[in-house]
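Some notes on the structure that comes next.
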Amino acid sequence: MADHAQNQELSPQDMERLQKRNEAAVNRLKEELTPEQAEQVERAFFEDDEEIRLRDGKTYKVPPCSLKDARILMKKLRTINVDAIILNFVPSGDDAVDASREDDLFTVLMMAFKGYKHITREYLDEYMDLDTARKTIEILIGLNGLKK
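Count along the sequence shown from 1, add 180, and you get the number used in my numbering.
Written out as structure tokens, the structure reads:
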């Protein structure tokens, strides 16, 4: 097994060639996209964290999602209103549907704060406003290379 791993090592020339190919691919994407889209792609590629400030006065780093969370995120984004967060709280007349929509919203919001043990649904309910909720979801969408 060790011999197999040694055979898989790349020479410095191969590494340099691969790095140049990656850089060329990123540059090609930048030329095809708007500056904002190119920045999102670059952030997703290099997994840069974004920052968001809650009403507690603290700034938090939002990382890209894990593969598992990215799949959940894509499903939940279909069930919530991102552009007008308040609409997620408007009663529909069906308590089960309303509770499910709120749960989906908070599930998505909690993905942004996985590294912060003190942040719970109740904490976000207290220290996050509607605009910050929208921005947080947009950050998750951008970091993960998803489109609305």
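From the three backbone atoms N, C-alpha and C, an ideal C-beta is built for every residue, glycine too.
In the DSSP assignment, find the alpha helix (DSSP H) that holds residue i and state where it starts and stops.
| i | result |
| --- | --- |
| residue 277 | 275-291 |
With a threshold of 8 Å on Cβ separation, who are the neighbours of residue i within its own chain once the five nearest residues in sequence on each side are excluded?
| i | result |
| --- | --- |
| residue 184 | Because residue 184 carries a pLDDT of 42, less than 50, the predicted location of this residue cannot be relied on, and no value is offered for it. |
| residue 280 | 259 |
| residue 295 | 241, 243 |
Taking 6 Å as the limit between beta carbons, can you name the residues of its chain near residue i, skipping five residues before and five after?
| i | result |
| --- | --- |
| residue 182 | Residue confidence for residue 182 is low, a pLDDT of 45 falling below 50, so the modelled location carries little weight and cannot support an answer. |
| residue 286 | 301 |
| residue 186 | For residue 186, the predicted structure reports a pLDDT of 43, less than 50, and the residue's modelled location is therefore unreliable. The matter cannot be settled from this model. |
| residue 190 | none |
Which same chain residues end up closer than 7 Å to residue i when comparing Cβ atoms and leaving out the 5 residues on each side of it in sequence?
| i | result |
| --- | --- |
| residue 234 | 240, 307, 308, 312 |
Tell me whether the beta-carbon of residue i lies closer than 7 Å to the beta-carbon of residue j.
| i | j | result |
| --- | --- | --- |
| residue 245 | residue 257 | no |
| residue 260 | residue 284 | yes |
| residue 289 | residue 304 | yes |
| residue 271 | residue 263 | no |
Assuming residue i is part of the beta strand (DSSP E), what are its boundary residues?
| i | result |
| --- | --- |
| residue 136 | Any property of residue 136 remains undetermined from this structure, which presents the chain solely from 181 to 328. |
From the options, pick the residue whose C-alpha is nearest to that of residue i; which is it?
| i | options | result |
| --- | --- | --- |
| residue 265 | 323, 204, 326, 318 | 318 |
| residue 315 | 192, 232, 202 | 232 |
| residue 249 | 282, 208, 292, 230 | 292 |
(request) Only counting runs of 4 or more residues, tell me where the alpha helix (DSSP H) segments fall wholly within the segment 298-325, in order along the chain. (result) Uninterrupted alpha helix (DSSP H) stretches at least 4 residues long and entirely within the segment 298-325 occur at 301-307, 310-323, given in chain order.
(request) For the segment 242-275, list the alpha helix (DSSP H) runs that are entirely contained and at least 4 residues long, ordered along the chain. (result) The segment 242-275 contains these whole alpha helix (DSSP H) runs: 247-257.
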